[in-house]
Amino acid sequence: MRQASISTLLEPVAPTTDARPGITKMASGQSGMDSWHWESEAARKIGGASEQARLYLKMMDESDYAECLAPVVGPLGGTVLDLGAGAGSLTRHCLVPGAHWLAVEPNQEMGRALGGLRENLSGRGIQVDWIPSYWEDLDRENRLRGLKADYAVAFNMGATHHAADRLYDTMSTSLPETMIWVVPAQEAPSSFCLAGYLPEEFWGETCVPAYRKTLEQLGASRQPDRIEFVDWTCRLNFSSRNTLLDHFLDRLDLSRKPSTVEKLRSALVHKLDCEKTGNVVSCPKRSAVMFWYRSSLV
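Numbering (the working numbering), first residue to last: 22 to 319.
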């Protein structure tokens, strides 16, 4: 088995057509909220992966996610392996001069956004390479084994609480000095970013904080060395009230439940009228920042 290097990691990866592991759909009656994936039914319903990516990027820019999380994650230097990198909503605020950011991200819209960061990052002495791949495909081809990354990170990535054991095993093969995950920890839905804005009667799922699922999946031998909890606010300004309402109705897939559609629409309109924030919606979030250090990675 060949030892990984940055050059082999940057070689084109042959995509698999298999269903992505760890992507699950809730049982009937649980509001139809999917575990997130760029190719999920939920993404397609709102215009596909590219449109959903643009919405996500706008939301992260308008939220205080990076402002609150970056001081806890701390500076990232050397070789930084970032799985599910998106456009680096958090990572890019933590990189220090001299860092080499290996951004593993399958979504093309996110990749274009990463490209737009290159000039600014270069001016800060930071190199970025976009690797347009799913982490599962890198794992399948053993592209990470023995990479010797200084940091291996996964921030707000569904696999941290849907396939935590496999993700841990995959990331630990890169022999990082430090591994860091950011996992949803709020006692509210984590199915999609603004789910916590919904009136509780529409949550539809048992709200077990995602990080607890992570710890359970990891088992006793893979527990993090340290966990920090950070509160922040997710926020998005929609272009119109109709767009706002459609966003929530589409995500909940209530097309066959017209009475529930009207009930939810009325509840949202009432909430918006009471808050008097125009078309801006926000909800409190909490993240668990998990750290592992080289001596404990198994």
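Ideal Cβ placement from N, Cα and C applies to all residues, glycine included.
Asked: Residues near A74 by beta carbon distance below 6 Å, same chain, minus five either side; Found: N128, E130, M131
Asked: Unbroken stretches of the beta strand (DSSP E), 3 residues or longer, contained in the stretch 210-285; Found: 247-258
Asked: CA-to-CA distance, V93 to M192, given in whole angstroms; Found: 21 Å
Asked: DSSP three-state assignment for R166, whether helix, strand or coil; Found: coil
Asked: Distance CB(C89)-CB(W253) smaller than 7 Å; Found: yes
Asked: Cβ shell of L318 (< 6 Å), same chain only, five flanking positions each side left out; Found: S193
Asked: Same chain, Cβ closer than 6 Å to Y77, five either side skipped, listed in chain order; Found: none
Asked: Min CB distance G95 to chain D below 7 Å; Found: Absent from the structure is chain D; it holds one protein chain and no more.
Asked: Close beta carbons around E256, own chain, < 6 Å, minus the five adjacent residues each side; Found: Looking at the sequence shown, residue 256 is not Glu but Arg. Cβ neighbours of R256 beyond the five flanking positions: E83, S84, S303.
Asked: Straight-line Cα distance separating V229 from M47; Found: For M47, the predicted model reports a pLDDT of 27, less than 50, meaning its position is unreliable and no value from the coordinates is stated.
Asked: Euclidean distance between Cα positions of G95 and H182; Found: 22 Å
Asked: Status (buried if at least 16 other CB within 10 Å, exposed otherwise) for C115; Found: buried
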